[in-house]
């Protein structure tokens, strides 16, 4: 079975990245499973934007892309400044 | 774009003097990087940028660390390099640079401020992020040589969809005017309208390399190919080399100096980066040609023999860059001494150790030492058609 190299810290980093750049919002109900689905959906959006393989899961390539130097403006047009 | 027509409703946009300069660069280098970054957009739009020495400008520019008062804190070294706000009053248009980064003037060690600023000013003017990897507005930083930077077509299309193209003609003019503070800079340049080369077989006027990148010349345009982009970028020659002739007959890079030489008619120009060297253009006779030579058809530096071959009609000369003079025994007939490439050459270049001689819409890959043609291919293959 392939062992994921993604750590808990990586997952936290990815969550922060998606919140910042792909408008991932916190689920109000902590018991809901929608949170995971939302994260997966946002991961898919991010993977599509950067031309990565769309898996909806946090893999090494996705994590590597997240750690590249970048502009701090959100990649989603709907994430407007106020 | 951000949608909803988010843009400045005027063509003269003000930007601020910088209060807190980054210590990574001299103030002159920061000012020059910012000016050139704005010029990138001014070249292809009717926009002009005016620098204010006091008061509130549309685009306020600052360097800051971590939390800096806009609810979008920076994150220390690497990660987020900068951010900017879309056009609107107050904070709209402002550009902030993370001072925990190491910014450079042109070195690839660190982040080139010009490149980061040009991207951020795209946001300041109303551009969102692009999914095109070769675009300036792609959200991830990638190094490009600032001396050879040309705004990619995706960005040109984006900004021109907001502001239109530059109506002032195909020249670049940068004028420094005066204001009460004596510190006002206005930049105007025309946007290129570029033909579609893929619609018909293309015949190159000239081809040259420059710092590992390739430039294909056709009429008043060039196609600029780099390792960063799979699709060559198109622009006017004059927007890349403002002092170059409108079109060129031949071009080559002298690898010893890194300079590019452009030939047109009975004259030639030498450029270091985008800057023409003093005392140019010179006459072909200064290069060593007899006065009977009216123009050069093609030129290529052959690295394996450290010589530059220059083609005129059905003959070619060999130039010794070290001695700065023509070799003896030339000109020679092309078809006799370089068999397999025909009688005339329109353009020539070296790529990854192989020579390419272009004639009409086709070209020949050539092994110089064996004097053998290896392959024949179409010119347009180099242009991503």
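Chains as they are written, first to last, in our numbering: chain E, 15 to 96; chain W, 21 to 405.
All C-beta atoms in this analysis are idealised placements derived from N, C-alpha and C, irrespective of residue type, glycine included.
Secondary structure of residue i, DSSP reduced to three states
i: residue 156 of chain W; result: coil
i: residue 283 of chain W; result: strand
i: residue 27 of chain E; result: helix
i: residue 391 of chain W; result: coil
i: residue 325 of chain W; result: coil
i: residue 59 of chain E; result: helix
i: residue 399 of chain W; result: helix
i: residue 345 of chain W; result: strand
i: residue 48 of chain W; result: helix
i: residue 274 of chain W; result: strand
i: residue 297 of chain W; result: coil
i: residue 76 of chain E; result: helix
i: residue 305 of chain W; result: helix
i: residue 385 of chain W; result: strand
i: residue 292 of chain W; result: strand
i: residue 320 of chain W; result: strand
i: residue 8 of chain W; result: Since the first and last residues shown for chain W are 21 and 405, residue 8 of chain W lies out of range.
i: residue 203 of chain W; result: For residue 203 of chain W, the pLDDT reaches just 43, beneath the cut-off of 50, and the residue's location in the model is therefore unreliable, although a value from the coordinates is still provided. Reduced to three states, the DSSP call for residue 203 of chain W is coil.
i: residue 162 of chain W; result: coil
i: residue 148 of chain W; result: coil
i: residue 315 of chain W; result: coil
i: residue 24 of chain W; result: coil
i: residue 140 of chain W; result: helix
i: residue 364 of chain W; result: coil
i: residue 92 of chain W; result: coil
Buried or exposed by the 16-neighbour rule on C-beta atoms within 10 Å, applied to residue i
i: residue 54 of chain W; result: buried
i: residue 154 of chain W; result: buried
i: residue 342 of chain W; result: exposed
i: residue 179 of chain W; result: buried
i: residue 186 of chain W; result: buried
i: residue 169 of chain W; result: buried
i: residue 86 of chain E; result: buried
i: residue 38 of chain E; result: buried
i: residue 363 of chain W; result: exposed
i: residue 197 of chain W; result: At residue 197 of chain W, the pLDDT of 33 sits below 50, so the modelled position is not reliable and the matter cannot be decided from this model.
i: residue 92 of chain E; result: Since pLDDT at residue 92 of chain E reaches only 45, below the 50 mark, its modelled position is unreliable, and the value read off the structure follows with that caveat. It counts as exposed.
i: residue 102 of chain W; result: buried
i: residue 325 of chain W; result: exposed
i: residue 227 of chain W; result: buried
i: residue 246 of chain W; result: buried
i: residue 22 of chain E; result: exposed
i: residue 349 of chain W; result: exposed
i: residue 399 of chain W; result: buried
i: residue 67 of chain W; result: buried
i: residue 113 of chain W; result: buried
i: residue 25 of chain W; result: exposed
i: residue 191 of chain W; result: Because the pLDDT at residue 191 of chain W is just 32, under 50, the model does not fix this residue reliably, and the value given afterwards should be weighed accordingly. Label assigned to residue 191 of chain W: exposed.
i: residue 193 of chain W; result: With a pLDDT of 33 at residue 193 of chain W, under the threshold of 50, the predicted position of this residue should be treated as unreliable, though the coordinate-derived value follows. Answer is exposed; the Cβ neighbour count stays below 16.
i: residue 389 of chain W; result: exposed
i: residue 298 of chain W; result: exposed
i: residue 32 of chain W; result: exposed
i: residue 391 of chain W; result: exposed
Residues that DSSP places opposite residue i in a beta bridge
i: residue 242 of chain W; result: W:237 and W:255
i: residue 337 of chain W; result: W:330
i: residue 374 of chain W; result: W:371
i: residue 118 of chain W; result: W:84
i: residue 11 of chain W; result: Residue 11 of chain W is absent from the model: chain W starts at 21 and stops at 405.
i: residue 124 of chain W; result: W:132
i: residue 88 of chain E; result: Partner(s): none; residue 88 of chain E has no beta bridge.
i: residue 353 of chain W; result: W:335
i: residue 230 of chain W; result: W:233
i: residue 33 of chain W; result: W:69
i: residue 79 of chain W; result: W:35
i: residue 379 of chain W; result: W:382
Listed by chain order, chain B residues near residue i by CB distance under 7 Å
i: residue 22 of chain E; result: The structure shown contains no chain B; its protein chains are E and W.
Near-chain E residues of the region 289 to 317 of chain W - C-beta to any C-beta below 8 Å: none
Interface positions of the region 98 to 118 of chain W facing chain E (Cβ-Cβ less than 9 Å), listed along the chain: 98, 99, 100, 101, 102, 103, 104, 105, 106, 108, 111, 112, 116 and 118
Cβ-based contacts, 9 Å cut-off: residues of the region 60 to 76 of chain E near chain W: 62, 63, 64 and 65
The region 99 to 112 of chain W in contact with the region 60 to 67 of chain E per 3-pair CB rule at 8 Å: no
The region 140 to 156 of chain W contacting the region 236 to 243 of chain W, beta-carbon criterion three pairs below 8 Å: no
contact_flag[the region 64 to 81 of chain W, the region 29 to 42 of chain W] where n(CB pairs < 8 Å) is 3 or more: yes
Chain E contacts from the region 71 to 94 of chain W (Cβ-Cβ distance under 8 Å): 92 and 94
contact_flag[the region 280 to 290 of chain W, the region 346 to 357 of chain W] where n(CB pairs < 8 Å) is 3 or more: no
Interfacial residues, the region 147 to 172 of chain W to chain E, with Cβ spacing under 8 Å: 148, 149, 151, 153, 159, 160 and 161
Short-range partners of chain E found in the region 121 to 144 of chain W, where Cβ spacing is below 9 Å: 121, 131, 136, 139, 140 and 143
Meets three-Cβ-pair contact criterion under 8 Å: the region 46 to 65 of chain W and the region 74 to 83 of chain E: no
The region 25 to 32 of chain E / the region 54 to 63 of chain E touching (three or more Cβ pairs under 8 Å): yes
Chain W contacts made by the region 76 to 87 of chain E, where a contact means CB separation under 7 Å: 82, 83, 84, 85, 86 and 87
Segment contact, 8 Å Cβ cut-off, at least three pairs: the region 308 to 322 of chain W with the region 267 to 278 of chain W: yes
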